[in-house]
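>
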Amino acid sequence: DSVQMPLNVMDAHFNSFGRGVLPVLAKKNIGVLGMKSMGDKSILRSKTVSPVECLNFTMNLPVSVCITGCDSMEILEQGLNVARNFKPLTQAQVEAILAKTEVAAANGEYEPYKTIW
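Our numbering applies: residue 265 is where the sequence shown begins, and numbers increase by one.
(1) Does DSSP put residue 330 in a helix, a strand or coil?
(2) Any contact of the region 299-317 with the region 330-344, i.e. 3+ C-beta pairs under 8 Å?
(3) So, at 7 Å on beta carbons, what are the nonlocal neighbours of residue 319 in its own chain, with the 5 sequence-adjacent residues on each side left out?
(4) List the whole-angstrom C-beta distance separating residue 307 from residue 272, where the pair is believed to meet the contact cut-off of C-beta under 8 Å.
(5) Have a look at residue 371 and residue 277 and give me their C-alpha separation to the nearest angstrom.
(6) Keeping to the same chain, check which residues put their C-beta closer than 7 Å to that of residue 364; ignore five residues upstream and five downstream.
(7) Go through the region 289-324 residue by residue and report every complete run of the alpha helix (DSSP H) that reaches 4 residues or more, in order.
(8) Answer yes or no: do residue 295 and residue 266 have a C-beta to C-beta separation smaller than 8 Å?
(9) With DSSP collapsed to three states, give me the class of residue 388.
(10) How is residue 267 classed by DSSP in three states: helix, strand or coil?
(11) Does the beta-carbon of residue 368 have 16 or more other beta-carbons within 10 angstroms, so that it is buried, or is it exposed?
So, in structure tokens, the structure goes:
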């Protein structure tokens, strides 16, 4: 069994799948397909984090795979580079990323798939 869901630096602050659903999936040994690591670029428009930080954050979660968009060779190379060089983040690195995104994420503005209903 597996579940595909959005997991990203903004999710951690607003109606969080990572905090609410991810622990249940891990406990039940269900595979996790993490998507929207950059929120379809909306997270990047917040100018709070880089694409590399977004990918590293999502890959640091207990996911089976991190699905990311790929609309050019440059973006493909970026994703491959992050995957090839990935090292788990320290708690301090995670906290620093979350601190950078906390204010921007507070009302769900950069995760419109959570707020358009």
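Ideal placement from N, C-alpha and C gives every residue a C-beta, glycine not left out.
Reading from the atomic positions:
(1) Note: residue 330 maps to strand in three-state DSSP.
(2) The region 299-317 is in contact with the region 330-344.
(3) So the qualifying residues of the chain are 301, 330, 332, 343 and 346.
(4) Yes, residue 307 and residue 272 are in contact; Cβ-Cβ is about 6 Å, under 8 Å.
(5) Looking at the two C-alpha atoms, the distance is approximately 9 Å.
(6) Short of 7 Å from the beta carbon of residue 364, and not among the five residues preceding or following it, lie these beta carbons of its own chain, in chain order: 312 and 313.
(7) For the region 289-324, whole alpha helix (DSSP H) runs of length 4 or above, ordered along the chain, are 306-309 and 315-324.
(8) Contact flag set, yes.
(9) Examination of residue 388 is not possible in this model, given that the chain is present from 265 through 381 alone.
(10) Residue 267 falls in the strand class under three-state DSSP.
(11) Residue 368 is buried by the Cβ-count criterion.
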